[in-house]
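In my numbering, the protein residues as written are 136 to 533.
Yeah, the Cβ is synthetic: ideal placement off N, Cα and C, and Gly gets one too.
Remarks on the structure that follows.
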Ligand SMILES: Cc1cc2nc3c(=O)[nH]c(=O)nc-3n(C[C@H](O)[C@H](O)[C@H](O)COP(=O)(O)OP(=O)(O)OC[C@H]3O[C@@H](n4cnc5c(N)ncnc54)[C@H](O)[C@@H]3O)c2cc1C
């Protein structure tokens with residue numbers, strides 16, 4: 136990477152979640168002086184997200200650290216369809232990490248003083264030479280590159296006038312997690328090292344174990360993460376999205392804010408499901424709601440500014456690659472910057488060309504798969520293997 140009169144080139148990352156942190160660690164390694172600005176003041180600890188580790192999301196740890204992947208992920212060796220309890224014919228070979236374990240591991244390998252929590256980016260402008268970012272605290276920060284990894288509700292997109300399509304998929308997910316030690320011995324035993332699936336007339340339910348790790352990267356607790364995908368009309372969805380305080384939420388209703396009557400209905404409905412799903416939902420303190428949608432942008436590069444991760448493309452969760460795609464965006468971004476010396480604008484154009492193709496492919500494939508799994512278009516049979524993968528089905532196996 137060429138430097139400007141010996142000084143390191145500078146980069147600002149907007150959003151300190153998984154996508155932003157993959158960008159931060161790779162850009163640091165490529166020679167940039169990186170500052171991350173994260174809107175949230177508290178450590179992001181959305182333990183509720185289970186993430187299938189992919190070679191792309193493990194790449195940084197494998198190349199740049201001596202971290203043993205088994206401290207941040209749990210190996211799952213089979214997928215069991217309930218109620219028959221018949222394992223899927225092909226062995227599942229996934230490593231389930233969690234939002235918490237990946238974020239903690241990335242932050243561990245990034246200088247803490249360069250991660251500025253509780254300071255949102257408020258506006259963006261740029262000249263031929265630099266990007267100017269105005270922050271929540273009123274200060275202005277400059278850099279030669281700005282990476283916007285501010286998620287599906289990205290405000291950077293608005294600031295950049297980026298065109299985006301975000302279409303409701305026709306279903307949402309009830310989600311929750313339970314500490315494995317709180318489950319009965321029978322359920323805990325059944326759920327250990329296995330993913331479980333149950334097909335319902337209006338969707339499917341899935342569970343798998345996920346790790347939560349401490350700041351010094353030691354396995355702390357195992358949780359079981361569950362999701363119940365339910366086909367729902369837009370009218371019904373609008374009701375689900377009104378939270379406890381009567382506020383209409385956009386993409387999700389967080390834990391603790393779902394209306395009591397909806398949680399009561401959920402607990403009644405789950406009684407028709409096979410065990411151990413019944414026990415999982417019964418023991419979930421605060422189930423929450425996540426809308427499933429297809430989101431795609433038409434552009435990822437804007438001069439010295441680029442979009443990365445969910446801010447650009449958000450595939451449905453069934454192919455389990457949101458994080459892997461964000462990690463791949465970050466890897467390709469630093470490759471392109473290295474190959475183009477100090478020419479940030481050209482590097483971003485090349486990055487855009489490649490990552491637009493990957494994002495478009497993921498959104499399309501996850502849409503087709505989600506429609507089959509929910510039986511909105513096509514079918515999904517008992518016993519079928521999950522079609523997880525970033526570039527092709529099966530490439531997430533580790
Ligand atoms: C149900 C479900 C299951 C999933 N399963 C998988 C899986 O198995 N495998 C997988 O790879 N992926 C999975 N994903 C996707 C994965 O969670 C995301 O793709 C991944 O976290 C990357 O997100 P991101 O960092 O781009 O955005 P986000 O995680 O949304 O982060 C955006 C960040 O930007 C911050 N921010 C917003 N505005 C500003 C601002 N103005 N200034 C500063 N900061 C700001 C936010 O506070 C937030 O921290 C799943 C997602 C869902 C919903």
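Handout entry: Pick from 199, 511, 174, 235 that is closest to residue 355, judged by C-alpha positions
Key = 235
Problem - Min CB distance residue 500 to chain B below 9 Å - result: The structure shown contains no chain B, having only a single protein chain.
Exercise for the section: Can you have a look at residue 324 and say buried or exposed, based on whether 16 or more other CB atoms are within 10 angstroms of its CB? Expected result: exposed
Problem - Residue range of the alpha helix (DSSP H) that includes residue 441 - result: Taken as a continuous stretch (DSSP letters only), residue 441 belongs to no alpha helix (DSSP H), being part of the beta strand (DSSP E) at 440 to 442.
Practice task
Decide if the region 359 to 366 is in contact with the region 382 to 398; the criterion is three or more beta carbon pairs, one per stretch, under 8 Å apart.
Solution key: no
Problem - Nearest neighbour of residue 517, chosen from 163, 403, 332, 372 [CA to CA] - result: 332
Exercise for the section: Measure how close the beta-carbons of residue 465 and residue 443 come, nearest whole angstrom, since I'm counting them as under 8 Å. Expected result: 6 Å
Exercise for the section: State the DSSP-derived secondary structure class of residue 149, mapped to helix, strand or coil. Expected result: strand
Problem - Spatial neighbours of residue 285 in its chain, beta-carbon cut-off 7 Å, leaving aside the 5 residues before and after - result: 149, 150, 291, 446
Practice task
Whole angstroms is fine: what's the gap from residue 314's alpha carbon to residue 170's?
Solution key: 35 Å
Exercise for the section: Please indicate yes or no: does the CB of residue 421 lie closer than 8 Å to some heavy atom of ligand 1? Expected result: no
Problem - Cut-off 6 Å between Cβ atoms - residues of its own chain near residue 530, not counting five sequence neighbours on either side - result: 524
Handout entry: Element boundaries [alpha helix (DSSP H), containing residue 329]
Key = Residue 329 -> not in any alpha helix (DSSP H); beta strand (DSSP E) instead, spanning 329 to 335.
Exercise for the section: Starting from residue 471, follow the alpha helix (DSSP H) in both directions and report where the run begins and ends. Expected result: 457 to 474
Handout entry: Secondary structure of residue 505, DSSP reduced to three states
Key = helix
Exercise for the section: Along the beta strand (DSSP E) that carries residue 340, what are the first and last residues, could you check? Expected result: 338 to 348
Problem - Beta-carbon proximity of residue 462 to residue 474, cut-off 9 Å - result: no
Handout entry: Alpha carbon of residue 210 to alpha carbon of residue 237, nearest angstrom
Key = 15 Å
Problem - Entirely enclosed alpha helix (DSSP H) segments - the region 197 to 285, minimum 4 residues - result: 234 to 243
Handout entry: the region 238 to 257 in contact with the region 192 to 212 per 3-pair CB rule at 8 Å
Key = yes
Exercise for the section: Give me the Cβ distance between residue 472 and residue 479, rounded to the nearest whole Å; I'm assuming they're in contact under 8 Å. Expected result: 7 Å
Practice task
Answer yes or no: the CB of residue 170 versus the heavy atoms of ligand 1, is any distance below 8 Å?
Solution key: no
Practice task
Report all residues from its chain with a CB closer than 6 Å to the CB of residue 345; omit the five preceding and five following residues, and keep chain order.
Solution key: 185, 231, 233, 358, 360
Exercise for the section: Could you tell me if residue 138 is buried or exposed, where buried requires 16 or more neighbouring beta carbons within 10 angstroms of its beta carbon? Expected result: Low confidence applies here, because residue 138 scores a pLDDT of 44, under 50, leaving its location unreliable and the question unanswered by this model.
Problem - Cβ contact (3+ pairs, closer than 8 Å) linking the region 371 to 378 and the region 401 to 421 - result: no
Handout entry: Assigned secondary structure, residue 515 (DSSP; H/G/I helix, E/B strand, else coil)
Key = coil
Practice task
Report the option in 470, 456, 440 whose CA atom is closest to the CA atom of residue 277.
Solution key: 440
Handout entry: Secondary structure of residue 322, DSSP reduced to three states
Key = helix
Practice task
Assign residue 509 to buried or exposed, taking buried as 16 or more other Cβ atoms, counted over all protein chains shown, within 10 Å of its Cβ.
Solution key: buried
Handout entry: Any non-hydrogen atom of ligand 1 within 8 Å of residue 528 CB
Key = no
Handout entry: The alpha helix (DSSP H) enclosing residue 143, as first and last residue numbers
Key = Taken as a continuous stretch (DSSP letters only), residue 143 belongs to no alpha helix (DSSP H), as it is neither H nor E.
Exercise for the section: Taking only heavy atoms of ligand 1 into account, decide whether any of them is closer than 8 Å to the Cβ of residue 456. Expected result: yes
Handout entry: Three-state secondary structure assigned by DSSP to residue 401
Key = helix
Handout entry: Proximity winner among 198, 282, 218, relative to residue 153 (alpha-carbon distances)
Key = 282
Exercise for the section: State yes or no: is the C-beta of residue 153 nearer than 8 Å to some heavy atom of ligand 1? Expected result: yes
Problem - residue 362 Cβ short of 8 Å to ligand 1 heavy atom set - result: yes
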